[in-house]
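Report on one structure; see the data block that follows.
Protein chains in written order, with this note's numbering: chain A, 89 to 203; chain B, 177 to 288.
Below is the structure:
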C-alpha cells in the first residue's frame, strides 16, 4: 500500500507561471518530508525538505508547504523555468525510535515547463 | 567531487545468473541504501545500511543481498535473478538516516 501518494502523474505549466506539485501521505508517524528532482538518465537530486514542526520552508524559487492535519504537502515553484522540467518525487520518513527506518517515496510527477 | 558511483549503468543478463551491482561513495557517509524504480510504483527501498556491518531490509528485499564490509562500498547482489527484477536501480548515501540522500546515476537491469 502506497504510504506517499502523488496523484498527478504529469503537469504542464507555462514558463514564468507557478508550478504546484502535490503529495499526500497516510502515515501519521512521518515527521520529515523531502522533495527530489530527477532528470532523465540521472539519479534523483535533493531539492528541499521540511520538518513537521514547520508548515513552510522556502529556498529561492522553491517553497514547500506542509498541512499536517490534512496529511498533505505541496511544492511551489515560482517562477517556473524550462530547466525545471523533470520528474519530482515526494518522500517522507519517521524519526528514529518510531520503528520506521525507510524513506518512502511517491510515484513522481513529471513537470513540463513550456517556453 | 562528492559523488555516489554505481556500476554498471546498463546490464542485460539471463535468469539465474548471479550478478553484483557495485556502489561506492566518497563522502564518508554512514547511511547507504538501495532503491528500485518501477513505473507506477516510484522508488522502493530494497536494503539499507546504517554503518559498516549493519544492514537491514527495506520494503522489497526478496531476491536481493547486500554487504557493508567497508564504509564506502555497498554492493547489491542478485544470487539468482528473475525477470521480475528487471528494473532501474539506484544506490544512495547520506550522513545519517534523516538527512538528504545523494543518489548514483542508476543501473538499468534487464533479466531475460
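Where is the CB? At the ideal position from N, CA and C, for every residue including glycine.
Small disclaimer: the values here were computed from a predicted structure and weren't measured.
Simplified DSSP state of residue i, which is helix, strand or coil
i                     : result
residue 102 (chain A) : strand
residue 202 (chain B) : coil
residue 232 (chain B) : strand
residue 115 (chain A) : coil
residue 214 (chain B) : strand
residue 147 (chain A) : strand
residue 260 (chain B) : helix
residue 179 (chain B) : coil
When the options are compared against residue i, the one with the closest alpha-carbon
i                     : options                       : result
residue 142 (chain A) : A:195, A:121, A:129 and A:96  : A:121
residue 156 (chain A) : A:140, A:99 and A:177         : A:140
residue 249 (chain B) : B:268, B:192 and B:215        : B:268
residue 202 (chain A) : A:125, A:167 and A:153        : A:167
residue 127 (chain A) : A:172, A:194 and A:179        : A:172
residue 123 (chain A) : A:145, A:170, A:99 and A:158  : A:145
residue 137 (chain A) : A:158, A:118 and A:130        : A:118
residue 115 (chain A) : A:133, A:129, A:90 and A:195  : A:90
residue 188 (chain B) : B:181, B:254 and B:221        : B:254
residue 192 (chain B) : B:264, B:208 and B:239        : B:239
residue 234 (chain B) : B:212, B:263, B:244 and B:183 : B:212
residue 181 (chain B) : B:245, B:287 and B:283        : B:283
residue 151 (chain A) : A:96, A:93, A:107 and A:192   : A:107
residue 192 (chain A) : B:195, B:265 and B:217        : B:217
residue 103 (chain A) : A:92, A:170 and A:182         : A:170
Length of the line joining the Cα atoms of residue i and residue j
i                     : j                     : result
residue 270 (chain B) : residue 206 (chain B) : 7 Å
residue 135 (chain A) : residue 125 (chain A) : 6 Å
residue 185 (chain B) : residue 200 (chain A) : 26 Å
residue 247 (chain B) : residue 105 (chain A) : 44 Å
residue 179 (chain B) : residue 204 (chain B) : 11 Å
residue 100 (chain A) : residue 231 (chain B) : 41 Å
residue 153 (chain A) : residue 147 (chain A) : 12 Å
residue 188 (chain A) : residue 179 (chain A) : Here residue 188 (chain A) scores only 41 on pLDDT, less than 50, and its place in the model is too uncertain to base an answer on.
residue 228 (chain B) : residue 280 (chain B) : 19 Å
residue 197 (chain A) : residue 251 (chain B) : 29 Å
residue 219 (chain B) : residue 285 (chain B) : 15 Å
residue 132 (chain A) : residue 194 (chain A) : 13 Å
residue 158 (chain A) : residue 190 (chain B) : 46 Å
residue 222 (chain B) : residue 149 (chain A) : 33 Å
residue 311 (chain B) : residue 266 (chain B) : The first residue shown for chain B is 177 and the last is 288, placing residue 311 (chain B) beyond what the model contains.
residue 202 (chain B) : residue 129 (chain A) : 21 Å
residue 198 (chain B) : residue 183 (chain B) : 5 Å
Opposing strand residues paired with residue i [DSSP bridges]
i                     : result
residue 200 (chain A) : A:100
residue 108 (chain A) : A:164
residue 242 (chain B) : B:252
residue 220 (chain B) : B:212
residue 277 (chain B) : None, per the DSSP bridge assignment.
residue 136 (chain A) : A:123
residue 180 (chain A) : A:121 and A:192
residue 354 (chain B) : This structure cannot settle anything about residue 354 (chain B), because the visible part of chain B is limited to 177 through 288.
residue 158 (chain A) : Residue 158 (chain A) pairs with nothing; no bridge assigned.
residue 93 (chain A)  : A:112
residue 268 (chain B) : B:209 and B:279
Residue i at chain C interface by Cβ criterion, 8 Å
i                     : result
residue 239 (chain B) : Note that chain C does not occur in the displayed structure, where the protein chains are A and B.
Legend entry - Stretch-stretch touch, CB-based, cutoff 8 Å, three pairs: the region 163-179 of chain A with the region 108-119 of chain A: Yes, since at least three Cβ pairs between the region 163-179 of chain A and the region 108-119 of chain A fall closer than 8 Å, the two stretches touch.
Inset, instruction - Flag this pair as touching only if the region 268-279 of chain B and the region 252-259 of chain B have three or more C-beta atom pairs under 8 Å; answer yes or no. - result: no
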